[in-house]
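Data block below; observations after.
There are 6 protein chains.
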Amino acid sequence: MRDNVVHVRIVSPLVTRGFRKLEDLKAIEYPGISISHAEIATGPGSIESEFEAAMSVPGTLVEILRAEREGVDAVIIDCMGDPGLRAARELSGMLVAGPCQTGMHVASMLGHKFSVITVMRRLIPSFENTAALCGLSSKLASVRSVDIPVLELEADLAATAKRLVEEGRRAVEEDGAEALIFGCTGLMGCAAGLREGLLAEGIDVSVIDPIPTAISVAAGIVRAGLTQSRMTYPAPPEKQLLGYDALRAAMLPQAAQ
Amino acid sequence: MRDNVVHVRIVSPLVTRGFRKLEDLKAIEYPGISISHAEIATGPGSIESEFEAAMSVPGTLVEILRAEREGVDAVIIDCMGDPGLRAARELSGMLVAGPCQTGMHVASMLGHKFSVITVMRRLIPSFENTAALCGLSSKLASVRSVDIPVLELEADLAATAKRLVEEGRRAVEEDGAEALIFGCTGLMGCAAGLREGLLAEGIDVSVIDPIPTAISVAAGIVRAGLTQSRMTYPAPPEKQLLGYDALRAAMLPQAAQ
Amino acid sequence: MRDNVVHVRIVSPLVTRGFRKLEDLKAIEYPGISISHAEIATGPGSIESEFEAAMSVPGTLVEILRAEREGVDAVIIDCMGDPGLRAARELSGMLVAGPCQTGMHVASMLGHKFSVITVMRRLIPSFENTAALCGLSSKLASVRSVDIPVLELEADLAATAKRLVEEGRRAVEEDGAEALIFGCTGLMGCAAGLREGLLAEGIDVSVIDPIPTAISVAAGIVRAGLTQSRMTYPAPPEKQLLGYDALRAAMLPQAAQ
Amino acid sequence: MRDNVVHVRIVSPLVTRGFRKLEDLKAIEYPGISISHAEIATGPGSIESEFEAAMSVPGTLVEILRAEREGVDAVIIDCMGDPGLRAARELSGMLVAGPCQTGMHVASMLGHKFSVITVMRRLIPSFENTAALCGLSSKLASVRSVDIPVLELEADLAATAKRLVEEGRRAVEEDGAEALIFGCTGLMGCAAGLREGLLAEGIDVSVIDPIPTAISVAAGIVRAGLTQSRMTYPAPPEKQLLGYDALRAAMLPQAAQ
Amino acid sequence: MRDNVVHVRIVSPLVTRGFRKLEDLKAIEYPGISISHAEIATGPGSIESEFEAAMSVPGTLVEILRAEREGVDAVIIDCMGDPGLRAARELSGMLVAGPCQTGMHVASMLGHKFSVITVMRRLIPSFENTAALCGLSSKLASVRSVDIPVLELEADLAATAKRLVEEGRRAVEEDGAEALIFGCTGLMGCAAGLREGLLAEGIDVSVIDPIPTAISVAAGIVRAGLTQSRMTYPAPPEKQLLGYDALRAAMLPQAAQ
Amino acid sequence: MRDNVVHVRIVSPLVTRGFRKLEDLKAIEYPGISISHAEIATGPGSIESEFEAAMSVPGTLVEILRAEREGVDAVIIDCMGDPGLRAARELSGMLVAGPCQTGMHVASMLGHKFSVITVMRRLIPSFENTAALCGLSSKLASVRSVDIPVLELEADLAATAKRLVEEGRRAVEEDGAEALIFGCTGLMGCAAGLREGLLAEGIDVSVIDPIPTAISVAAGIVRAGLTQSRMTYPAPPEKQLLGYDALRAAMLPQAAQ
């Protein structure tokens, strides 16, 4: 940790430029934390399938290795699929966090059960799988979707907000949710609006915005002197790897110089 | 949040003076956080049973209400039984966190499975129950005890450290733990020693010190604009309460003045 | 066991007088059993929150210790929150039973899945938590509430009965319940009415009245020569305890004289 | 219930005469209960396999129907496999209880986790399956066996007792059991000896003798006005049945005369 | 395996003749497999209760022993209750498979969660129990019924088909099913129709026909050189068995001659 | 299916040539099945980490798309990490199966609980995660490792065989396994030896060789007219993808020509 400041890098695992604006991240900063941003050079335009999640991994690992080389203290992978989280943790001693894993644990701390409000129905199994791997299946009340693709969420923000409140209300009233998580990092910044929309209907429920939450909780974990356990994420053995020129370059010891 | 600083109050739910030293807490502070401490006036000398945990609750609630009145942003209950956590969250809009709940979720984020190394065998059911309520039973590899009472942990620190390493090693090798949590806040500060002791035996495993971890993660949750969900922890209805003079005084609206 | 009769004491953990009438308990007696009743001196007027449950514990422990001193064979804590159950079991070698724990296990023996019909929505997490600690989450079909406060249940008994049948029917038809438990001991005696109300709609389902069930099952456990296991509930260590004058007096060895 | 006495019939589902002695059952009687006994006419000599359990069902159903016709209030099937429990409950409105299901629920009420000490290793899956169907997998610490066939348990009672203590101690110390259940009703009456043997080794743990426990708990359920739920156990549809002359005769309406 | 062909015998565990037509089974054959059929001599007309399932076991075991003696490689029990599966596996070294167990595992391989569409509401607990014993409770989205008795399914095939599509659609849309299993082998051959009916409503979901699936998967297991594990299904000990003349004859060693 | 033969393609997701020999696969063929093999052009030399698993996915998808274009009926991914299974199922309508998922379900069908015997300790979390995603955590007795790297397994086959028997025996005796799965496809062909080695120690347990089992069970699923459900694995949306030239070429419609 340089200058007693925790440096957090957000790595957006998609090739669409402008998806994430640095100024929005900078607005989250507070004393003792510094936030930076990176995008990947190879991979999908957005992530709405297991295939696209897999395609985002090599480029994401390149950026995570770069971040570590630059002295960053923690990386957040900017997608609720947490793509490449396990592989990155093996490659790096620096804390790597996923907004989905982090958000689910925080939601479980704050409320009895939580629901995820995501963008597309097809992502429901993926969230249920993540909850299972987190050990939190019994805390997951439901996964609901607004059925709007990632890159169209901002096309009609009022419509998106209305759908979020609708599904949020149903998660609480029909599924028993007592905390809500946005199921897409593309919705960053909408938490306050959803919370107010639900309050207007008499529902006082915690709403977790995964990227800001992952940032400040990851910074807290760094401040506690912790990172992912090497027992679970040992470094990969040295071995032949064909293809992935950029990644292999990033993995070279001299890359650190 | 006053002055863009997160104020965290540690409330030690026992009447033994000197159990927790303010300077040890102050040593954890970092930019953007301020830590204070309180002890309770009524309750047990230490907590090693369900009975003692229950007896610590009224006095703990008095101190938590006082902290809220003083403008604190988050309270950590200084005991791995998280005594009074649910009741306190109902009484207060300020974040109240328990080191056991927080530590178990952080351990689950950092490693595949975790073990708790606690002081007395009799506490094992309590930790298994907490894990069940957190939804984390599948992440709990084991609970092991060093069989040293809370107030004797510091009598022979070398013996305590040796027992911690022994049980930590068995947790990893026999039970499959990939992260460890101290199961007593009285052991604060021993994490580095346990981690080094295990490293010396070739075991590279994350060791979570619950109080520092709860402090910085709770601060992170405050920075994310979150607190416990009112859906899960609604304010208790106004109602007759006999006894508990100090607590009823602390609950009066004018107490806030 | 004196005179080959099992003596069961019902301890109502609230300070509202008249909530429980001795004659209603006496009506449950049968050959070989004797039922008595006690109320607590300090604590809440009724229990509808985690806070109130916690506040009922010290007074409840005083009465449980008194019951043991008087030669009672089993105590039933008269609240579906089972407040103080674990602490009481540590303090006492006499069987202490909770109507919620007992009712859930009996429901699981008699039907494939059960639902709890309780008074207030806010109690749902508490019942789900109890089921988890009983190991019975997979048997809990749902928790439903009639949304009537404890002390108003008898204000309009017809309305209460109608709401019970409504929610009971939905538990069966929508949630898959095959047995029902009243989620408030304040509803004692309504089981027959609910069962008949549902039969009138063609639903033939077991309805468990928790206090009578806890009484006769606890008596059965006593007759089998059993009590709670000392492995799980060892006596608390002797230790300083500040405050709780009445309880400390009740705990003194000479109190038994 | 005739004469305000609960009549309980023990049905031993095997054709070996003398396995169960009526006087041993009569010794369990207490005010308000009357115990009788029946054996089956067709079926296995003892039950140590899924095959033998299945072969015991038709004869057991004959005896259960006879018991109901004779005005019995509850039947206990005298085998830890609970053979025919579900089928019997469909055929009868009278309470039918299994010692394994009942014992597991009672053990879960009295201790944090329980182990079953049974006769043969091959029965372990069956006990784990019963625990799963009871919803109690998380309460089952282990199943251990003394590796002595059912009909040889009494050949060398001292050796049997020694093995029980050995496996009971390992269940507590190695598996975390905090209550024990005999895994064979052939061991009825040995509970006190096992409990004393463990106490002599400093282990104070509840030991559940399944038949006495099932008798008094079933009587308690009858006293609470309950029986198995018709939702879970509806009467079988009227239908062709080839073979099973004795059973079909027992099922005829006129059989009740 | 004779002539490098896997011989599979379907044993229909009911005494109604014509329930299963050999030509329908023959239509499933493909290179390397030969399918035959048997009915039982004693037992129920159809299986819609736990009682009838139990009554089908002895006759089913007779036919399974006969099949083994005739050199068959695998037997499929032709009922979704898998009656006698465990007992048969103990008696036989030849693979014995149940369509429900097999169908649930295949559904879990092909989709994220599955629902069972069965004939009668009363069978729901039985399917949930089978899923629990398979370890697949978390994969079971729901069990739904069309409420048509087994032997009336073919009375109005159009009505049956309509009800199947209705409940299949609700399983997908309301319960989150992503694969469907017919919950009655009497519906064999309707899978294509259900799948098309759902496709016509825009739902593209795998539909598992349990008998054809059990046949070809069991043949696959035989081809892999596998059968049930003797650890789980050891041969029953030799022992007295009263009644069951046909079965005892089938079990005699000379029966194999 | 051409010529009423099921064509199965094994895709080895590593770039080490000679790891899998076609003749070993051809030896598995039986009437009605044809087996072919492919290796990948980019990726790791072997897979012993989450990182290597991720790096194998793009090359594996290229080969799976090629197989589908060539009219293959099912692909088996030749690694117990099932790398790319979900992504491949989204891209393809042809059945794609993983040996780990398939082997775990088959083991659960054949025995009460199973253990995985794998190569390296570091793979244990990965197998436990796969079991959780399969819904089979309660069926997984343990994961044990022989601690020999994948590419050294054949260096000293006798030593490998000895270690397999050792860990297999401990899985049965200490962990309660009743079926075993090889946790590395590099061990194909050793099942018979392990089974015999255990039989020599008196342990009669099913041993699953994942590749032969996945081949014949996948063929069985194809014969039942089934493939993965489109509900769970919908085709990815059309979208920008940077990098992955070979894969994008394979995905082009004209690639099918």
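Residue numbers (this note's numbering), protein chains in the order written: chain A, 198 to 454; chain B, 198 to 454; chain C, 198 to 454; chain D, 198 to 454; chain E, 198 to 454; chain F, 198 to 454.
From the three backbone atoms N, C-alpha and C, an ideal C-beta is built for every residue, glycine too.
Keep in mind the model is a prediction, meaning the values are calculated, not measured.
Item, Value
"Residues of the region 308 to 325 of chain E with Cβ closer than 9 Å to any Cβ of chain A, in chain order", "Gly308, His309 and Lys310"
"Inter-residue Cα distance where the pair is Leu444 (chain A) and Leu258 (chain A)", "7 Å"
"Cα-Cα separation, Arg360 (chain E) to Val343 (chain E)", "6 Å"
"Chain-ordered chain B contacts of Leu350 (chain A) [CB-CB under 7 Å]", "Near Leu350 (chain A) there are no residues of chain B at all, since even the closest Cβ is about 21 Å away, more than 7 Å."
"Option nearest Ile237 (chain F) by Cα separation, candidates F:Thr213, F:Asp221, F:Phe248 and F:Ala224", "F:Thr213"
"C-beta neighbour in chain E for Ser413 (chain C), strict 8 Å", "no"
"Contact list for the region 210 to 239 of chain E against chain I, Cβ threshold 8 Å", "Among the chains of the structure shown, chain I does not appear; the protein chains present are A, B, C, D, E and F."
"Chain B contact for Arg360 (chain A) (CB, 8 Å cutoff)", "no"
"Given 8 Å, three or more beta-carbon pairs between the region 381 to 393 of chain B and the region 417 to 426 of chain B", "no"
"Contact residues within the region 239 to 253 of chain E, judged by C-beta distance below 7 Å to chain F", "none"
"Sequence-distant residues of its chain with Cβ nearer than 6 Å to Ala358 (chain E) (five each side left out)", "Gly390"
"Inter-residue spacing [alpha-carbon to alpha-carbon] between Pro409 (chain D) and Ala271 (chain D)", "13 Å"
"Below-8 Å beta-carbon distance, Asp442 (chain C) vs any chain D residue", "no"
"Strand pairing of Phe248 (chain B), partner residues [DSSP]", "Answer is none; Phe248 (chain B) lacks a bridge partner."
"Those residues which DSSP pairs with Arg206 (chain E) across a bridge", "E:Ser233 and E:Val272"
"Nearest-angstrom Cα separation, counted from Glu325 (chain B) out to Leu337 (chain B)", "8 Å"
"Chain D contact for Ser289 (chain B) (CB, 8 Å cutoff)", "no"
"Contacts that Gly281 (chain B) makes with chain C (C-beta to C-beta distance below 7 Å)", "Ala251"
"Interface partners of Ser339 (chain C) on chain E, CB under 8 Å", "Ordered by position in chain E, no residue passes the 8 Å Cβ test against Ser339 (chain C), which lies about 14 Å from the chain."
"Residues from the region 392 to 408 of chain F in contact with chain E, defined by Cβ distance under 8 Å", "Ile400, Asp401, Val402, Ser403, Ile405 and Asp406"
"Cutoff 7 Å; reference Ile225 (chain D); Cβ partners in own chain excluding five residues on either side", "Ile232, Pro409 and Ile412"
"Any beta strand (DSSP E) of 3 or more consecutive residues that is wholly inside the region 276 to 318 of chain A", "292 to 294 and 311 to 315"
"Contact list for the region 296 to 307 of chain B against chain D, Cβ threshold 9 Å", "none"
"Min CB distance Ala329 (chain D) to chain E below 8 Å", "yes"
"Closer than 8 Å to chain D by CB, Ser335 (chain F)", "yes"
"Residues, ordered as in the chain, of the region 411 to 440 of chain C that lie near chain D by beta-carbon distance below 9 Å", "Ala411, Ile412, Ser413, Val414, Ala415, Ala416, Gly417, Ile418, Val419, Arg420, Ala421, Gly422, Leu423, Thr424, Gln425, Ser426, Arg427, Met428, Thr429, Tyr430 and Pro431"
"C-beta neighbour in chain D for Glu371 (chain C), strict 8 Å", "no"
"Coarse secondary structure for Gly139 (chain F), derived from DSSP in three states", "Lying outside 198 to 454, the shown extent of chain F, residue 139 (chain F) is not represented and no answer is given."
"Residue range of the beta strand (DSSP E) that includes Ala376 (chain E)", "Ala376 to Phe379"
"Coarse secondary structure for Arg214 (chain D), derived from DSSP in three states", "coil"
"For Gln454 (chain B), three-class secondary structure by DSSP", "Residue confidence for Gln454 (chain B) is low, a pLDDT of 45 falling below 50, so the modelled location carries little weight and cannot support an answer."
"Extent of the continuous beta strand (DSSP E) to which Ile400 (chain A) belongs", "Counting along the chain, Ile400 (chain A) falls outside any beta strand (DSSP E), and DSSP gives it neither H nor E."
"Cβ-Cβ distance between Ser253 (chain D) and Leu222 (chain D) below 8 Å", "no"
"For Glu245 (chain F) and Gly347 (chain F), believed in contact at Cβ under 8 Å, the rounded distance", "This sequence places Val at residue 347 (chain F); Gly is not what is there. About 6 Å separates the two Cβ atoms, so the contact holds."
"Option nearest Glu247 (chain F) by Cα separation, candidates A:Ala264, A:Ser243, A:Ser289 and A:Ile273", "A:Ser289"
"Where Arg427 (chain D) falls: helix, strand or coil (DSSP)", "coil"
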